[in-house]
Each structure stands twice: as C-alpha cells, then as structure tokens.
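Colleague:
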Ligand SMILES: [Fe+2]
C-alpha cells in the first residue's frame, strides 16, 4: 500500500483480511428474513430477542416471514441489557434443548452478542469465560463453525450484525470483556431502519455516539503493519488494526455522524437522519469489525464496571446503568487529545469528516480540533459532561484505571503506546469538558 500510515514495519503484518456478512439494508427488509433463512437451509430457528421487543411489530414481522417460508421457530427472550456469562449459559442450554439448525437475532447489541456467544457454548460446551483472553479466561480458540446466523439490529449504534465480536459482562468480575472469532461473524445482516422510528432521543444519542466512536477509533487505530505478522493466515484476528478497508467505511460513517447525529437525536420525526444513522452504524460495524477499537472502548469498561448509583432515564434497567455509548464518549475527547500526537494527520482528517470548522488548522491542532468537534456534538445532544456527568470524581481515577488496564487488546490497538499513568491522565482530563 502506497500510504505512509501503512509503511512496512520490521516483523509487522504485511497482509490484512476483510470479512463481512451479506448485508441487506432498507426499510422493510425484516420481511425478507424467511427467504434468507431458507437460503441458509434453516428449517427450525432459534429466535433471539428481548422481552421488550418480543411482543412488538418487528418480531411479528419476522415471525410472519418465517411462517410464509415454512420455517418453524422458538423464541428466546430472556436477555437483559448488558448480558453476562450466566445469561449466555442459559441461552446455550436453550439452543441445545431443541433441534435448531439456525439462529436469528433481532435486537440491540445485547441480543446479538448473546446469540453469538451462546452459539459457541452450545456447539463447543465450555464456560464462555474460557474463550476470553488471559488473564480473564484461558484464551481458547473457537474450534470451528457455529450455527448459520441472521442478525437484525434494532438500534443504530452497535454494528454487531457486521462484527465477529461479542461483548459480555463476566458476573464474577462484574466487568465487561470482549472476545472475538471469525466463526462468530453473522452470515447475513438485515438492517431495517424502520426499527429506529420509535426510539427515544436519548437512545439515539447514546447509540449514535457509539457508532461515531467505533468509526473514530478504527480510523485512528494503530496501523495493521505495526501488529506482528501471523504464521497461520486462519489465525489472523479481525481486530488487526487500521487498514485501507476500514478507512473507507469509517470515513463515510464519520461524515454521516457529522451530518445527521444532531438531527436524528433532536427530532424524532426526522426519518432521513435516522435512516442515515442506521446506515452509518452498519458501515462503522463493517469498519471496526475488521480493525478493532482502541482506548475509548477500553476505558468505557472501567466506567461500566464501577458505576454506582447512576440511573439513566428511558432504559428498562433497575441496576446501576450507564448506556454503552455514553460510557464510551465521556472519555473520548480526552483520549483523542492524547492520541493525536501519534497520528496527527488521521485525527485532522477525522475532524474534517465530522464537519469540524477546519479554518487555519494545522497538524499541531489536530487533537484539539477533533475533541472540540466532539464536545460540540455532545453539547448539542445533551450528553453528560464527562466522567463527572455520570457520577465519577477524582477519587475514582485509580480504580477506573485498574479496571481498564485489563483490556489489553484494545489498549494495544491505540496509535500511541499507552501505560497505566497515561490512562490515569486521560481519565483525569475527562472529568469535565465545559
Ligand atoms: Fe461500542
């Protein structure tokens, strides 16, 4: 590749691999699910969703389409927001209780990620934790294929329908961790933006900043050439660092966030904006699913680990809860101020994609220009003002850092080498922005 960012490095990777599902996007595509399932030779489907969606119109549409295609189904809806390993065990038992030959997941990231993990545990029975990297788990490779899987997102953020990644809370550690395998990539993604029509503004804001950060993190991630080469091409992780493919999809997703995020959040009737955000989330999923995220996601897991008496309006969750996109974005401006010096041109380009005011900017300003544009978008969409906005203070910095330092793969994907002191400094600089 003739781009300086991908200049060869000694012992570094020389190749990158791209893997995405067959994606269909558009209003009403949920009604195609029956024919898509038939094409994957599904006859008995495990239909994963959550209790809120279970009795709603999207699941009705999916059921009707399956009936029309002559495919039977059984619903599994015992999936909470922020699913954990115990939830996955239950879902795996459900899968093994029937003669299912396919899985369809309809929901947000929690539903799709639970389906991915449950399929692994049903096919290759082990506690799901064993598949997580040390020190959390044993780092076992997933031995082979799981079930044919059609993923149908109902929010515009997670991108999970296009990734081989599952994010789960490990109950014993009360912390979220990531595991990934090409075998967990869905076969088909049906992305129907009508699912976003009725979402409240705060959900669109949280998921929208998740998509924005997915795109920003993969555009500014460490270049794939700076990760070590792999001996076995089948073992090449899709969290392989920034690459020319993820750049393409991330750049467009950032433009969409810059143009439509504020509109989609602040006007429930703006279907043009919400449709665009759904497409942006899919693009960002295709991007970070082939590059990996970095520090904002790594640091978000400290936030969701240690959240205390924080309640969030608009979510059916009784336990302390900070929505994923909020937990990511509260540290993101401080993070990009820190990482900019390692890849100033990329940070400046990202700011431009987000429609920042680029008048008389230079590479030296790149972190500030990017952070400034993010803060502008946060203020226009009523996002909490940094860590203090979600209930943390200076005294929490050490514990947040101790928690997040365990996210080794994501921290290693930062364009700038990052240690414990750096993470403490980022958290400190993320306490408030205005
Ligand atoms: Fe995310």
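In our numbering, the protein residues as written are 332 to 765. Think of the CB as a built atom: it goes at the ideal place given N, C-alpha and C, for glycine as much as any other residue. Since the structure is predicted, the reported quantities are computational estimates derived from the model, not experimental observations.
Would residue 538 and residue 487 qualify as a contact pair, given that the criterion is a beta-carbon distance under 8 Å?
Modeller: Your numbering for residue 538 matches position 207 in the chain shown. Your numbering for residue 487 matches position 156 in the chain shown. Yes; because the gap between Cβ atoms is below 8 Å, this pair is in contact.
Colleague: Does DSSP put residue 455 in a helix, a strand or coil?
Modeller: Numbered from its first residue, the chain shown carries residue 455 at position 124. Looking at residue 455 - three-state DSSP - the assignment turns out to be coil, as it is neither helix nor strand.
Colleague: Mapping DSSP to helix, strand and coil, what is residue 535?
Modeller: Position 204 of the chain shown, counted from the start, is the residue given in the question as residue 535. Looking at residue 535 - three-state DSSP - the assignment turns out to be helix.
Colleague: Do three or more CB pairs link the segment 719 to 730 to the segment 672 to 692 at distances below 8 Å?
Modeller: No: fewer than three Cβ pairs fall under 8 Å.
Colleague: By Cβ distance, which residues of its chain are closer than 6 Å to residue 580, with the 5 residues on each side in sequence left out?
Modeller: Start at 1 with the first residue of the chain shown, and residue 580 comes out as number 249. Only 614, 617 and 618 meet the Cβ criterion.
Colleague: Just verifying my parser: in three-state terms, what is the DSSP assignment at residue 738?
Modeller: As a position in the chain shown, residue 738 is number 407, starting the count at 1. Here residue 738 sits in coil by DSSP.
Colleague: Taking its Cβ as the centre, do 16 or more other Cβ atoms sit within 10 Å of residue 456, making it buried, or is it exposed?
Modeller: Locating residue 456 in the chain shown gives position 125, where the first residue counts as 1. Burial call: exposed.
Colleague: Taking 6 Å as the limit, tell me which residues put their C-beta closer than that to any heavy atom of ligand 1, in chain order.
Modeller: Here the list is 541, 545, 628, 655 and 659.
Colleague: Rounded to whole angstroms, what is the Cα-Cα separation between residue 333 and residue 575?
Modeller: Your numbering for residue 333 matches position 2 in the chain shown. Your numbering for residue 575 matches position 244 in the chain shown. Because residue 333 sits at a pLDDT of 42, beneath the cut-off of 50, its placement in the model cannot be relied upon, and the following sentence gives the value as read from the coordinates. Roughly 10 Å separates the two Cα atoms.
Colleague: Can you look up residue 499 in the DSSP assignment and give me helix, strand or coil?
Modeller: Locating residue 499 in the chain shown gives position 168, counting from the first residue. Three-state result, residue 499: strand.
Colleague: Is there contact here, the segment 396 to 412 with the segment 494 to 502, by at least three beta-carbon pairs under 8 Å?
Modeller: No, they do not touch.
Colleague: Would you mind sorting residue 388 into buried or exposed? The rule is 16 or more other CB atoms within 10 Å of its CB.
Modeller: The residue you call residue 388 lines up with position 57 of the chain shown. Exposed, because fewer than 16 other Cβ atoms sit within 10 Å of the Cβ of residue 388.
Colleague: According to the neighbour-count rule (16 or more other Cβ atoms, all chains shown, within 10 Å of its Cβ), is residue 502 buried or exposed?
Modeller: Position 171 of the chain shown, counted from the first residue, corresponds to residue 502. With fewer than 16 other Cβ atoms within 10 Å, it is exposed.
Colleague: Pick helix, strand or coil for residue 658, following the three-state DSSP scheme.
Modeller: The residue you call residue 658 lines up with position 327 of the chain shown. Residue 658: helix per DSSP, three-state reduction.
Colleague: According to DSSP, which residues form a beta bridge with residue 596?
Modeller: Position 265 of the chain shown, counted from the start, is the residue given in the question as residue 596. Paired residue(s): none; residue 596 is not in a bridge.
Colleague: From the DSSP secondary-structure annotation, give me the bridge partner or partners of residue 404.
Modeller: Translated into positions along the chain shown, residue 404 becomes position 73. Residue 404 is bridged to 376.
Colleague: Since residue 358 contacts residue 524 with CB under 8 Å, what's their CB separation in whole angstroms?
Modeller: In the chain shown, the residue the question calls residue 358 occupies position 27. In the chain shown, the residue the question calls residue 524 occupies position 193. With a Cβ gap of about 6 Å, residue 358 and residue 524 count as contacting.
Colleague: Provide the residue(s) that pair with residue 442 in DSSP beta bridges, ordered along the chain.
Modeller: Here residue 442 refers to the residue found at position 111 when the chain shown is read from its first residue. Per DSSP, none; premise fails for residue 442.
Colleague: Apart from the five residues just before and just after residue 590, which ones in its own chain have a Cβ nearer than 6 Å to its Cβ?
Modeller: The residue you call residue 590 lines up with position 259 of the chain shown. Within the same chain, residue 590 has no close Cβ partners at all.
Colleague: Among 353, 379, 381 and 378, which has the Cα closest to the Cα of residue 370?
Modeller: To locate residue 370, count along the chain shown from 1; it is residue 39. It is 353 whose Cα lies nearest to the Cα of residue 370.
Colleague: What are the boundary residues of the alpha helix (DSSP H) that includes residue 514?
Modeller: Here residue 514 is taken as the residue at index 183 of the chain shown, counted from 1. Note, residue 514: premise wrong, no alpha helix (DSSP H); not H, not E.
Colleague: Can you look up residue 434 in the DSSP assignment and give me helix, strand or coil?
Modeller: Along the chain shown, read from residue 1 onward, the residue named residue 434 stands at position 103. Residue 434 falls in the strand class under three-state DSSP.
Colleague: On the three-state DSSP scale, how would you describe residue 757?
Modeller: Taking the chain shown and counting its residues from 1, one reaches residue 757 at position 426. Helix, per DSSP.
Colleague: Shorter than 8 Å from the beta carbon of residue 723 to some beta carbon of chain D?
Modeller: No chain D is present in this structure, which holds just one protein chain.
Colleague: Please state the DSSP three-state secondary structure of residue 721.
Modeller: Locating residue 721 in the chain shown gives position 390, where the first residue counts as 1. Residue state, collapsed to three classes: coil.
Colleague: Among the residues of its own chain, which have a CB less than 8 Å from the CB of residue 637, if the five just before and after it don't count?
Modeller: Here residue 637 refers to the residue found at position 306 when the chain shown is read from its first residue. So the list reads 723, 727, 730, 731 and 734, once near-sequence residues are dropped.
Colleague: Taking residue 419 as part of the alpha helix (DSSP H), name the residues at either end of that continuous run.
Modeller: If you number the chain shown from 1, residue 419 lands on position 88. Segment 416 to 427, the alpha helix (DSSP H) holding residue 419.
Colleague: Check whether the segment 420 to 428 touches the segment 393 to 401, taking contact to mean three or more Cβ pairs, one atom from each stretch, closer than 8 Å.
Modeller: Flag = no, the segment 420 to 428 and the segment 393 to 401 do not touch.
Colleague: Please report the straight-line C-alpha distance between residue 612 and residue 584, rounded to a whole angstrom.
Modeller: Sequence index remark: in the chain shown, residue 612 carries index 281 (1-based). Sequence index remark: in the chain shown, residue 584 carries index 253 (1-based). Rounded to the nearest angstrom, the two C-alpha atoms are 7 Å apart.
Colleague: Contact between the segment 399 to 406 and the segment 549 to 563 is defined here as three or more beta-carbon pairs at a separation below 8 Å; is this criterion met?
Modeller: As far as the Cβ criterion goes, the segment 399 to 406 does not touch the segment 549 to 563, which means the pair count is below three.
Colleague: Whose CA, out of 712, 713 and 684, lies closest to the CA of residue 700?
Modeller: Residue 700 sits at position 369 when you count from the first residue of the chain shown. Nearest C-alpha to residue 700: 684.
Colleague: Assign residue 405 to one of two classes, buried (16 or more other C-beta atoms within 10 Å of its C-beta) or exposed (fewer than that).
Modeller: Start at 1 with the first residue of the chain shown, and residue 405 comes out as number 74. Residue 405 is exposed by the Cβ-count criterion.
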